[in-house]
Amino acid sequence: MHSHFYGGKTSIDDGHWHSYKGKTSFNPDTPGHVHHMSGITSCDDVHTHRYHSVTGPAVYVGGGHYHMYCGVTAPAERHVHRYNESTYIYHSKYWKKCPPC
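Under numbering that gives the first Met the number 0, think of the first position of the sequence shown as 0, with each following residue one higher.
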């Protein structure tokens, strides 16, 4: 079982954008697996947006893998934002060897 960290910025709509970050659902590393992701954006222009997406299937590279994702936030203040990015590469051996920053 594993998960991925993700983060990014939404599209600019209604004169502003929001940032978002989080951790995907835990899933087994089987070919074609996906992850669920959901959360609340940063508070900008005095409001937030909720979001929920399912990633695309795993893309294997360099001994690990990542997932592409995209979505549209829930409406707030009569507008929505788009977002699209990729999760960070996951590989349990790498994280165990990674020295503290």
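Just so it is clear, CB atoms sit at the ideal spot from N, CA and C, and this is done for glycine as well. If you're wondering where the values come from, they're calculated on a predicted model, not measured in any experiment.
The secondary-structure analysis by DSSP pairs Cys69 across a beta bridge with Asn83.
In the DSSP annotation of this structure, the continuous segment of the beta strand (DSSP E) that includes Met36 starts and ends at 35-39. One alpha carbon belongs to Asp28, the other to Cys69, and they sit about 21 Å apart.
For the pair Thr86 and Tyr65, the CB atoms are nearer than the 8 Å cut-off. Ranked by how close their Cα comes to the Cα of Met0, the residues Gly7, Gly6, Asp13, Ser24 have Ser24 in first place. 8 Å or more divides the Cβ of Gly61 from the Cβ of Gly38.
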